[in-house]
Amino acid sequence: MTKQTSLTCKCGQFTMQVEGPHIASVECLCNSCRKAGAVLNTLPGAAAVVDEKGATPFVMHRKDRVRILSGAEHLREYRLSAGAGTRRVIATCCNTPVFLELKGGHWLSLYGQLWTDGDRPRLEMRTMTGDLEQPANLPDDVPNLKQQSLSFYGRLFAAWVRMGFRSPKIVVNGELNV
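Just so it is clear: in the sequence shown, position 135 is 152 by our numbering, and no numbers are missing.
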């Protein structure tokens, strides 16, 4: 039987389900995740997106294995600039970050805060540590990659192959203007 995990926003008005294994569990330290995290942290009632290391935790899942069950009307997208190819999607009912999506991507990077600490898949790697001024200060509990590695891209490609080279659309109605 395929494992299914139910995830909700902080207030419970938005719910989703992910099926099967994740692609990767990562912490991203890129400049744009840190900048967007700082903006999202200013939303009323929002939980911290970026941790004390400057990292944003994500659990990456295939889009075809993510289902929105309720509360889609609360979803809004936030982009760092009008032409940005990356959008971060927030449940505005309680300002919970839900996922990050790259334009044309076949996966979603689900914000790690959707899981309780005990249920979130174990951290496998940190990416984009090269964007930090002091990457040497990071713990050495997992690989600290300056950029994404070949094996990282290999995981994404393997998932895309299993999806038949499809990239399902995730519709979000509206923008979050911060």
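From the three backbone atoms N, C-alpha and C, an ideal C-beta is built for every residue, glycine too.
Contact between the stretch 145-159 and the stretch 40-57: three or more CB pairs below 8 Å? yes
Among residues of its own chain, excluding the 5 on either side of residue 71, which ones have a beta-carbon nearer than 6 Å to its beta-carbon? Here the set comprises 46, 51.
Please state whether the Cβ-Cβ distance between residue 189 and residue 93 is less than 8 Å. yes
In the DSSP assignment, the beta strand (DSSP E) including residue 57 goes from what residue to what residue? Per DSSP, residue 57 lies in no beta strand (DSSP E); the unbroken alpha helix (DSSP H) holding it starts and ends at 48-57.
Output the boundary residues of the beta strand (DSSP E) element that contains residue 132. No beta strand (DSSP E) holds residue 132; DSSP gives it neither H nor E.
Determine the direct distance from the alpha carbon of residue 82 to that of residue 153, and round the result to whole angstroms. 36 Å
Cross-strand partners of residue 85 (DSSP beta bridge): 33
Counting along the chain, where does the beta strand (DSSP E) carrying residue 72 start and finish? First-last for residue 72: undefined, no H or E at that position.
How about residue 23 and residue 140: do their beta carbons lie closer than 8 Å? no
Measure the C-alpha to C-alpha separation of residue 157 and residue 55 and round it to an integer number of angstroms. 25 Å
Decide if residue 143 is buried, meaning its Cβ has at least 16 other Cβ atoms within 10 Å, or exposed. In this structure residue 143 is buried. Its beta-carbon is surrounded by 16 or more other beta-carbon atoms within 10 angstroms.
C-beta atoms of residue 63 and residue 112 nearer than 8 Å: yes
Taking Cβ positions, are residue 110 and residue 129 nearer each other than 8 Å? Not closer than 8 Å, so no.
Can you round the beta-carbon distance between residue 91 and residue 30 to whole angstroms, since I take them to be within the 8 Å contact cut? 6 Å
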